[in-house]
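The structure appears right after this line, and notes come after that.
Numbering (my numbering), first residue to last: 14 to 144.
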């Protein structure tokens, strides 16, 4: 419990410091673009996790098939969301009148695929109480 609290506070502190550094380095327009991308990224990550990782941690008789099924689901959802973002990025860029969003979104959203690969491993560590 103490480690989990430390991890939360440390990650929030690091994120706060990084945001201050980014605010000093980026122009207000660039900072706003990153903010827009972050909103879409956070929304996508909600769909990738879908509560399955929490269910894996709470399930008593979990096995490798459960973990592999959730991993396959998470990767599939992340790939679908990535393709959806690529297809929608020109419309989003037109809506916000920010043409650079098209290229940035295509690169920025590779993160959702990488995040989907870590969900099951994190739930395995939490289930084993090794975090």
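In this text, a Cβ means the ideal position worked out from N, Cα and C, and glycines have one as well.
Residue of the options minimising C-alpha distance to residue i
i	options	result
residue 108	64, 46, 23 and 37	46
residue 139	67, 126 and 62	67
residue 56	134, 128, 136 and 141	128
residue 60	142, 118 and 126	126
residue 58	112, 39 and 91	91
residue 89	113, 130 and 23	130
Distance between residue j and residue i (C-alpha atoms, nearest Å)
i	j	result
residue 25	residue 41	22 Å
residue 83	residue 74	15 Å
residue 31	residue 16	22 Å
residue 48	residue 101	18 Å
residue 63	residue 70	13 Å
residue 105	residue 51	14 Å
residue 85	residue 117	27 Å
residue 18	residue 37	29 Å
residue 103	residue 78	39 Å
residue 219	residue 39	Residue 219 lies beyond the range of the chain shown here (14 to 144); nothing can be said about it.
residue 141	residue 112	46 Å
residue 135	residue 29	23 Å
residue 23	residue 72	29 Å
residue 110	residue 21	36 Å
residue 27	residue 99	30 Å
C-beta neighbour in chain C for residue i, strict 8 Å
i	result
residue 95	Looking for chain C here will not work: only one protein chain is present.
Whole-number beta carbon distance between residue j and residue i, since they are thought to touch under 8 Å
i	j	result
residue 76	residue 132	No, residue 76 and residue 132 are not in contact; Cβ-Cβ is about 17 Å, not under 8 Å.
residue 35	residue 44	7 Å
residue 137	residue 65	Incorrect: roughly 12 Å between the Cβ atoms, too far for contact.
Count the CB pairs spanning the region 91-98 and the region 113-123 that are closer than 8 Å, and state whether there are at least three. Verdict: yes, contact present.
Could you tell me which whole alpha helix (DSSP H) segments of length 4 or greater appear in the region 65-98? Entirely contained in the region 65-98, the alpha helix (DSSP H) runs reaching 4 residues are, in chain order, 65-71.
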